[in-house]
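Using our numbering, read the sequence shown as starting at -16 and increasing by one per residue.
Glycine included, each C-beta is placed from N, C-alpha and C at the ideal position.
Quick caveat: nothing in here was measured; it's all calculated off a predicted structure.
So the structure is just underneath, and the comments pick up after that.
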Amino acid sequence: MERDETLSWIALSMVKGLGPRRIKGLLNEVPSPKVLFSLKEKSLREIHGISTSLAGEIANFSEWERAEKYLKDCEKEGIGIVTLHSKGYPQALKEIPDPPPLLYTLGSLEQEDRFSLSIVGPRNPTDYGIRVANMMATALSRSGITIVSGMARGIDTAAHIGALQSGGRTIAVLGSGINVPYPPENRGLMKQIARQGAVISEFPPGTLPEKGNFPRRNRIISGLSLGVLVVEAAKKSGALITAQYAVEHNRDVFAVPGMITSGRSAGTNKLIRSGAILVERPEDILEEIAPQLKGYLKEEKRKNLKLTEEEQKVVSFLSPEPVHIDEIKRATGVPTERLLALLTGLELRGIIEQRPGKRFCLPLTG
(Lines of atoms letter the chains of each structure in order from A and count residues from 1; the text may use other names and numbers.)
(Lines give C-alpha, C1' and ligand atoms only; values in the text may rest on other atoms or scores of the structure.)
Protein backbone atom coordinates (compact mmCIF):
# COMPACT_ATOMS: atom_id res chain seq x y z
CA MET A 1 0.00 0.00 0.00
CA GLU A 2 1.33 3.44 -0.95
CA ARG A 3 2.31 5.80 1.83
CA ASP A 4 -0.32 8.44 1.06
CA GLU A 5 -3.01 5.73 1.05
CA THR A 6 -1.87 4.55 4.49
CA LEU A 7 -1.90 8.13 5.72
CA SER A 8 -5.52 8.46 4.54
CA TRP A 9 -6.50 5.40 6.57
CA ILE A 10 -4.93 6.89 9.70
CA ALA A 11 -6.72 10.18 9.07
CA LEU A 12 -10.05 8.42 8.50
CA SER A 13 -9.78 6.78 11.93
CA MET A 14 -9.33 10.25 13.45
CA VAL A 15 -12.37 11.99 11.93
CA LYS A 16 -14.64 13.32 14.67
CA GLY A 17 -18.02 11.55 14.79
CA LEU A 18 -16.90 8.70 12.54
CA GLY A 19 -16.62 5.38 14.39
CA PRO A 20 -15.68 1.90 13.14
CA ARG A 21 -19.27 0.89 12.35
CA ARG A 22 -19.88 3.95 10.16
CA ILE A 23 -16.48 3.60 8.50
CA LYS A 24 -17.34 0.03 7.49
CA GLY A 25 -20.57 1.28 5.92
CA LEU A 26 -18.87 4.18 4.13
CA LEU A 27 -16.31 1.88 2.55
CA ASN A 28 -19.18 0.13 0.80
CA GLU A 29 -19.98 3.48 -0.85
CA VAL A 30 -16.48 4.73 -1.74
CA PRO A 31 -13.46 2.67 -2.83
CA SER A 32 -10.95 4.03 -0.32
CA PRO A 33 -10.28 6.71 2.32
CA LYS A 34 -8.03 8.52 -0.16
CA VAL A 35 -10.96 8.91 -2.56
CA LEU A 36 -13.23 9.99 0.31
CA PHE A 37 -10.87 12.81 1.34
CA SER A 38 -10.57 13.97 -2.28
CA LEU A 39 -14.30 14.76 -2.52
CA LYS A 40 -15.81 18.21 -2.03
CA GLU A 41 -18.25 18.77 0.82
CA LYS A 42 -21.23 18.88 -1.56
CA SER A 43 -20.31 15.50 -3.06
CA LEU A 44 -19.80 14.01 0.40
CA ARG A 45 -23.33 15.02 1.44
CA GLU A 46 -24.70 12.97 -1.46
CA ILE A 47 -23.13 9.75 -0.13
CA HIS A 48 -25.46 7.46 1.82
CA GLY A 49 -24.61 7.55 5.52
CA ILE A 50 -22.88 10.95 5.52
CA SER A 51 -24.75 13.71 7.32
CA THR A 52 -24.20 17.41 6.68
CA SER A 53 -22.08 17.75 9.83
CA LEU A 54 -19.99 14.66 9.02
CA ALA A 55 -19.43 15.88 5.47
CA GLY A 56 -18.02 19.06 6.98
CA GLU A 57 -15.72 17.12 9.34
CA ILE A 58 -14.30 15.09 6.44
CA ALA A 59 -13.98 17.96 3.96
CA ASN A 60 -12.37 20.24 6.55
CA PHE A 61 -10.23 17.63 8.30
CA SER A 62 -7.38 19.53 9.94
CA GLU A 63 -5.37 16.82 11.71
CA TRP A 64 -3.12 15.81 8.82
CA GLU A 65 0.03 16.80 10.73
CA ARG A 66 -0.91 14.54 13.64
CA ALA A 67 -1.75 11.70 11.24
CA GLU A 68 1.65 12.22 9.60
CA LYS A 69 3.33 12.05 13.02
CA TYR A 70 1.62 8.72 13.76
CA LEU A 71 2.82 7.34 10.44
CA LYS A 72 6.39 8.55 11.03
CA ASP A 73 6.35 7.01 14.52
CA CYS A 74 5.36 3.68 12.96
CA GLU A 75 8.09 3.90 10.33
CA LYS A 76 10.68 4.79 12.96
CA GLU A 77 9.69 2.07 15.45
CA GLY A 78 9.01 -0.76 12.98
CA ILE A 79 5.27 -0.79 13.66
CA GLY A 80 3.14 -2.37 10.94
CA ILE A 81 -0.22 -1.03 9.77
CA VAL A 82 -2.91 -3.40 8.51
CA THR A 83 -6.10 -1.85 7.11
CA LEU A 84 -9.53 -3.25 6.32
CA HIS A 85 -8.44 -3.44 2.68
CA SER A 86 -5.11 -5.15 3.44
CA LYS A 87 -4.67 -8.77 2.46
CA GLY A 88 -3.43 -9.60 5.97
CA TYR A 89 -6.44 -8.19 7.85
CA PRO A 90 -8.05 -11.05 9.87
CA GLN A 91 -11.16 -12.23 8.02
CA ALA A 92 -13.09 -13.07 11.20
CA LEU A 93 -12.52 -9.57 12.57
CA LYS A 94 -13.60 -8.02 9.28
CA GLU A 95 -17.00 -9.68 9.66
CA ILE A 96 -18.03 -8.07 12.98
CA PRO A 97 -20.33 -5.00 12.80
CA ASP A 98 -17.63 -2.54 13.89
CA PRO A 99 -14.17 -3.78 12.84
CA PRO A 100 -11.28 -1.39 13.50
CA PRO A 101 -10.45 0.37 10.21
CA LEU A 102 -6.78 -0.24 10.85
CA LEU A 103 -4.59 -2.21 13.22
CA TYR A 104 -1.15 -1.16 14.41
CA THR A 105 0.94 -4.32 14.71
CA LEU A 106 4.17 -5.75 16.08
CA GLY A 107 5.05 -9.27 14.96
CA SER A 108 2.93 -10.88 12.27
CA LEU A 109 -0.66 -11.91 11.70
CA GLU A 110 -0.72 -15.28 9.93
CA GLN A 111 -3.31 -17.26 8.00
CA GLU A 112 -3.30 -19.96 10.69
CA ASP A 113 -4.53 -17.39 13.23
CA ARG A 114 -8.03 -17.88 11.85
CA PHE A 115 -8.06 -20.89 14.18
CA SER A 116 -7.89 -18.95 17.43
CA LEU A 117 -9.51 -18.92 20.85
CA SER A 118 -9.64 -16.06 23.34
CA ILE A 119 -8.91 -16.70 27.01
CA VAL A 120 -10.02 -13.97 29.42
CA GLY A 121 -10.50 -13.40 33.14
CA PRO A 122 -9.71 -11.05 36.01
CA ARG A 123 -6.49 -9.19 36.75
CA ASN A 124 -6.52 -10.58 40.31
CA PRO A 125 -7.40 -14.26 39.82
CA THR A 126 -7.10 -17.14 42.24
CA ASP A 127 -4.16 -19.55 41.97
CA TYR A 128 -6.66 -22.04 40.56
CA GLY A 129 -7.62 -19.57 37.82
CA ILE A 130 -4.00 -18.99 36.83
CA ARG A 131 -3.32 -22.75 36.66
CA VAL A 132 -6.43 -23.37 34.55
CA ALA A 133 -5.67 -20.51 32.14
CA ASN A 134 -2.10 -21.69 31.68
CA MET A 135 -3.11 -25.33 31.27
CA MET A 136 -5.85 -24.54 28.74
CA ALA A 137 -3.58 -22.26 26.70
CA THR A 138 -0.79 -24.83 26.70
CA ALA A 139 -3.01 -27.70 25.58
CA LEU A 140 -4.87 -25.69 22.94
CA SER A 141 -1.60 -24.31 21.55
CA ARG A 142 -0.27 -27.83 21.15
CA SER A 143 -3.36 -28.56 19.07
CA GLY A 144 -2.52 -25.65 16.77
CA ILE A 145 -4.89 -23.06 18.21
CA THR A 146 -3.70 -19.43 18.39
CA ILE A 147 -4.37 -17.98 21.85
CA VAL A 148 -5.79 -14.45 21.96
CA SER A 149 -5.92 -12.30 25.09
CA GLY A 150 -5.41 -8.74 26.33
CA MET A 151 -1.96 -8.92 27.99
CA ALA A 152 -3.41 -7.67 31.29
CA ARG A 153 -2.21 -8.95 34.65
CA GLY A 154 -3.62 -12.25 35.87
CA ILE A 155 -5.49 -14.58 33.52
CA ASP A 156 -4.39 -12.81 30.31
CA THR A 157 -0.72 -13.09 31.25
CA ALA A 158 -1.10 -16.77 32.24
CA ALA A 159 -2.76 -17.55 28.90
CA HIS A 160 -0.07 -15.83 26.83
CA ILE A 161 2.70 -17.56 28.80
CA GLY A 162 1.05 -20.97 28.36
CA ALA A 163 0.96 -20.48 24.59
CA LEU A 164 4.56 -19.26 24.43
CA GLN A 165 5.89 -22.09 26.57
CA SER A 166 4.30 -24.69 24.31
CA GLY A 167 5.79 -23.11 21.19
CA GLY A 168 2.40 -21.92 19.93
CA ARG A 169 1.21 -18.62 18.54
CA THR A 170 -0.47 -15.96 20.63
CA ILE A 171 -1.97 -12.52 19.92
CA ALA A 172 -2.14 -9.70 22.47
CA VAL A 173 -4.76 -6.99 21.91
CA LEU A 174 -3.86 -3.77 23.71
CA GLY A 175 -6.06 -1.06 25.17
CA SER A 176 -3.22 1.42 24.65
CA GLY A 177 -0.97 2.48 21.81
CA ILE A 178 1.18 -0.28 20.35
CA ASN A 179 4.30 1.41 21.80
CA VAL A 180 2.79 1.81 25.28
CA PRO A 181 3.15 -1.59 27.02
CA TYR A 182 0.44 -2.05 29.63
CA PRO A 183 0.88 -3.09 32.33
CA PRO A 184 4.50 -1.82 32.21
CA GLU A 185 5.86 -4.98 33.84
CA ASN A 186 4.70 -6.96 30.79
CA ARG A 187 7.11 -5.15 28.47
CA GLY A 188 9.29 -8.27 28.23
CA LEU A 189 6.27 -10.50 27.66
CA MET A 190 5.12 -8.17 24.90
CA LYS A 191 8.45 -8.60 23.09
CA GLN A 192 8.14 -12.39 23.35
CA ILE A 193 4.59 -12.28 21.98
CA ALA A 194 5.72 -10.14 19.03
CA ARG A 195 8.43 -12.72 18.24
CA GLN A 196 6.04 -15.67 18.47
CA GLY A 197 2.79 -14.12 17.28
CA ALA A 198 1.48 -10.56 17.20
CA VAL A 199 0.73 -7.56 19.38
CA ILE A 200 -2.05 -5.39 17.94
CA SER A 201 -3.93 -2.21 18.79
CA GLU A 202 -6.49 -0.02 17.05
CA PHE A 203 -5.20 2.97 19.01
CA PRO A 204 -2.49 5.17 17.47
CA PRO A 205 1.06 5.20 18.88
CA GLY A 206 1.39 6.98 22.19
CA THR A 207 -2.21 6.39 23.31
CA LEU A 208 -2.37 5.94 27.09
CA PRO A 209 -4.31 3.00 28.61
CA GLU A 210 -7.43 4.95 29.54
CA LYS A 211 -10.38 3.14 31.11
CA GLY A 212 -12.72 3.63 28.15
CA ASN A 213 -10.29 1.92 25.77
CA PHE A 214 -10.71 -1.54 27.25
CA PRO A 215 -14.33 -2.32 26.33
CA ARG A 216 -13.42 -1.34 22.74
CA ARG A 217 -10.37 -3.61 22.98
CA ASN A 218 -12.58 -6.48 24.16
CA ARG A 219 -14.66 -6.50 20.97
CA ILE A 220 -11.46 -7.17 19.01
CA ILE A 221 -10.49 -10.03 21.33
CA SER A 222 -13.87 -11.62 20.61
CA GLY A 223 -13.88 -10.76 16.91
CA LEU A 224 -10.56 -12.48 16.22
CA SER A 225 -11.65 -15.80 17.70
CA LEU A 226 -13.77 -18.88 17.14
CA GLY A 227 -14.84 -18.59 20.76
CA VAL A 228 -14.15 -16.98 24.11
CA LEU A 229 -13.16 -18.93 27.24
CA VAL A 230 -13.92 -17.12 30.51
CA VAL A 231 -11.75 -18.70 33.22
CA GLU A 232 -12.93 -16.59 36.17
CA ALA A 233 -15.15 -13.53 36.46
CA ALA A 234 -16.91 -11.60 39.19
CA LYS A 235 -20.51 -10.44 38.67
CA LYS A 236 -19.27 -7.20 37.10
CA SER A 237 -16.17 -8.01 35.11
CA GLY A 238 -14.52 -6.92 31.87
CA ALA A 239 -14.35 -10.59 30.92
CA LEU A 240 -18.16 -10.64 30.84
CA ILE A 241 -18.09 -7.74 28.38
CA THR A 242 -15.93 -9.88 26.09
CA ALA A 243 -18.38 -12.77 26.52
CA GLN A 244 -21.27 -10.48 25.57
CA TYR A 245 -19.41 -9.41 22.44
CA ALA A 246 -18.90 -13.09 21.62
CA VAL A 247 -22.67 -13.63 21.75
CA GLU A 248 -23.21 -10.63 19.47
CA HIS A 249 -20.52 -11.90 17.09
CA ASN A 250 -22.08 -15.38 17.01
CA ARG A 251 -19.01 -16.93 18.66
CA ASP A 252 -19.01 -19.78 21.17
CA VAL A 253 -18.84 -18.78 24.84
CA PHE A 254 -17.02 -21.21 27.14
CA ALA A 255 -16.80 -20.93 30.92
CA VAL A 256 -14.87 -22.75 33.65
CA PRO A 257 -17.03 -23.61 36.67
CA GLY A 258 -15.83 -22.39 40.04
CA MET A 259 -16.58 -22.66 43.73
CA ILE A 260 -19.95 -21.21 44.72
CA THR A 261 -18.23 -19.51 47.68
CA SER A 262 -15.80 -17.60 45.44
CA GLY A 263 -16.78 -14.14 44.22
CA ARG A 264 -14.45 -14.60 41.26
CA SER A 265 -16.61 -17.50 40.06
CA ALA A 266 -19.97 -15.72 40.26
CA GLY A 267 -19.69 -14.47 36.69
CA THR A 268 -18.58 -17.75 35.14
CA ASN A 269 -21.23 -19.76 36.98
CA LYS A 270 -23.86 -17.28 35.79
CA LEU A 271 -22.61 -17.65 32.21
CA ILE A 272 -23.03 -21.42 32.46
CA ARG A 273 -26.58 -21.01 33.79
CA SER A 274 -27.26 -18.73 30.83
CA GLY A 275 -26.12 -21.29 28.28
CA ALA A 276 -22.34 -20.97 28.05
CA ILE A 277 -20.50 -24.23 27.36
CA LEU A 278 -19.08 -25.70 30.58
CA VAL A 279 -15.38 -26.49 30.25
CA GLU A 280 -13.53 -28.95 32.47
CA ARG A 281 -10.75 -29.92 30.04
CA PRO A 282 -9.28 -28.61 26.77
CA GLU A 283 -11.01 -31.36 24.81
CA ASP A 284 -14.39 -29.80 25.70
CA ILE A 285 -13.40 -26.80 23.59
CA LEU A 286 -11.76 -28.75 20.77
CA GLU A 287 -14.79 -30.99 20.39
CA GLU A 288 -17.08 -27.96 20.14
CA ILE A 289 -15.02 -26.13 17.51
CA ALA A 290 -13.95 -29.29 15.64
CA PRO A 291 -16.34 -28.67 12.69
CA GLN A 292 -14.59 -25.34 12.05
CA LEU A 293 -11.11 -26.87 12.40
CA LYS A 294 -11.88 -29.70 9.96
CA GLY A 295 -8.94 -31.67 11.38
CA TYR A 296 -6.43 -29.48 9.52
CA LEU A 297 -4.40 -28.05 12.36
CA LYS A 298 -3.70 -31.16 14.36
CA GLU A 299 -2.70 -33.04 11.23
CA GLU A 300 -0.36 -30.25 10.13
CA LYS A 301 1.17 -30.00 13.59
CA ARG A 302 1.89 -33.70 13.67
CA LYS A 303 3.38 -33.76 10.18
CA ASN A 304 5.73 -30.88 10.96
CA LEU A 305 7.08 -32.29 14.25
CA LYS A 306 10.64 -33.62 14.13
CA LEU A 307 10.75 -37.07 15.70
CA THR A 308 13.68 -39.33 16.49
CA GLU A 309 13.73 -42.79 14.92
CA GLU A 310 12.47 -44.38 18.17
CA GLU A 311 9.75 -41.73 18.60
CA GLN A 312 8.61 -42.27 15.03
CA LYS A 313 8.44 -46.01 15.67
CA VAL A 314 6.16 -45.44 18.68
CA VAL A 315 3.93 -42.88 16.95
CA SER A 316 3.58 -45.08 13.85
CA PHE A 317 2.36 -47.96 16.00
CA LEU A 318 -0.23 -45.92 17.90
CA SER A 319 -3.72 -45.00 16.76
CA PRO A 320 -6.66 -43.17 18.42
CA GLU A 321 -7.49 -46.51 20.10
CA PRO A 322 -5.62 -46.73 23.46
CA VAL A 323 -3.12 -49.60 23.89
CA HIS A 324 -1.21 -50.75 26.98
CA ILE A 325 2.47 -49.90 27.36
CA ASP A 326 3.36 -53.62 27.26
CA GLU A 327 1.89 -53.89 23.76
CA ILE A 328 3.87 -50.85 22.65
CA LYS A 329 7.05 -52.39 24.06
CA ARG A 330 6.46 -55.70 22.23
CA ALA A 331 5.69 -53.95 18.95
CA THR A 332 8.58 -51.48 19.01
CA GLY A 333 11.27 -53.37 20.90
CA VAL A 334 12.12 -50.28 22.96
CA PRO A 335 13.25 -51.16 26.54
CA THR A 336 10.77 -50.28 29.31
CA GLU A 337 12.71 -47.45 30.96
CA ARG A 338 13.54 -45.85 27.62
CA LEU A 339 9.96 -46.30 26.43
CA LEU A 340 8.55 -44.57 29.52
CA ALA A 341 10.79 -41.56 28.86
CA LEU A 342 9.78 -41.48 25.19
CA LEU A 343 6.07 -41.69 26.00
CA THR A 344 6.34 -38.93 28.61
CA GLY A 345 8.14 -36.65 26.16
CA LEU A 346 5.63 -37.31 23.39
CA GLU A 347 2.75 -36.66 25.77
CA LEU A 348 4.24 -33.36 26.97
CA ARG A 349 4.55 -32.24 23.34
CA GLY A 350 0.91 -33.08 22.71
CA ILE A 351 1.71 -35.77 20.13
CA ILE A 352 0.13 -38.61 22.12
CA GLU A 353 -2.28 -38.90 25.03
CA GLN A 354 -2.26 -41.14 28.10
CA ARG A 355 -5.37 -42.95 29.27
CA PRO A 356 -5.96 -44.68 32.64
CA GLY A 357 -4.08 -47.94 33.18
CA LYS A 358 -0.88 -46.92 31.36
CA ARG A 359 -2.60 -46.95 27.98
CA PHE A 360 -1.56 -44.55 25.23
CA CYS A 361 -3.07 -43.31 21.97
CA LEU A 362 -2.94 -40.61 19.33
CA PRO A 363 -5.27 -37.63 19.88
CA LEU A 364 -8.42 -37.50 17.82
CA THR A 365 -8.00 -35.10 14.88
CA GLY A 366 -11.50 -33.58 15.07
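Each of S(-4), L19, P265, Y87 was checked against the Cα of D81, and the nearest Cα belongs to S(-4). Assignment of G210 by DSSP, reduced to helix, strand and coil, places it in the strand class.
Taken through DSSP and simplified to helix, strand or coil, V131 comes out as strand.
Within its own chain, the residues whose Cβ lies closer than 6 Å to the Cβ of Q337, once the five positions on either side in sequence are excluded, are E330, F343, listed in chain order. Taking the Cα of S126 as reference, the smallest distance to any Cα among D96, F300, V163 is reached at D96. The distance from the Cβ of H232 to that of G195 is about 20 Å, inconsistent with a contact at the 8 Å cut-off. The stretch 96 to 106 makes contact with the stretch 117 to 131: 3 or more CB pairs, one atom from each, lie closer than 8 Å. By DSSP's assignment, C344 forms a beta bridge with E336. When DSSP states are grouped into helix, strand and coil, D267 belongs to the helix group. The secondary-structure analysis by DSSP pairs G90 across a beta bridge with A181. Taking each of P274, S299, F20 in turn and checking the Cα distance to L345, the smallest one comes out for S299. Look at I(-7) here: in three-state DSSP terms it is helix. P240 and I224 do not touch by the CB rule: their CB atoms are close to 20 Å apart, not below 8 Å. The count of Cβ pairs closer than 8 Å, one atom from the stretch 133 to 143 and one from the stretch 265 to 274, stays below three, leaving the stretches out of contact. The C-beta separation of G90 from A222 comes to about 24 Å, leaving the pair out of contact by the 8 Å criterion. H307 carries a strand assignment under DSSP once its states are collapsed to helix, strand and coil.
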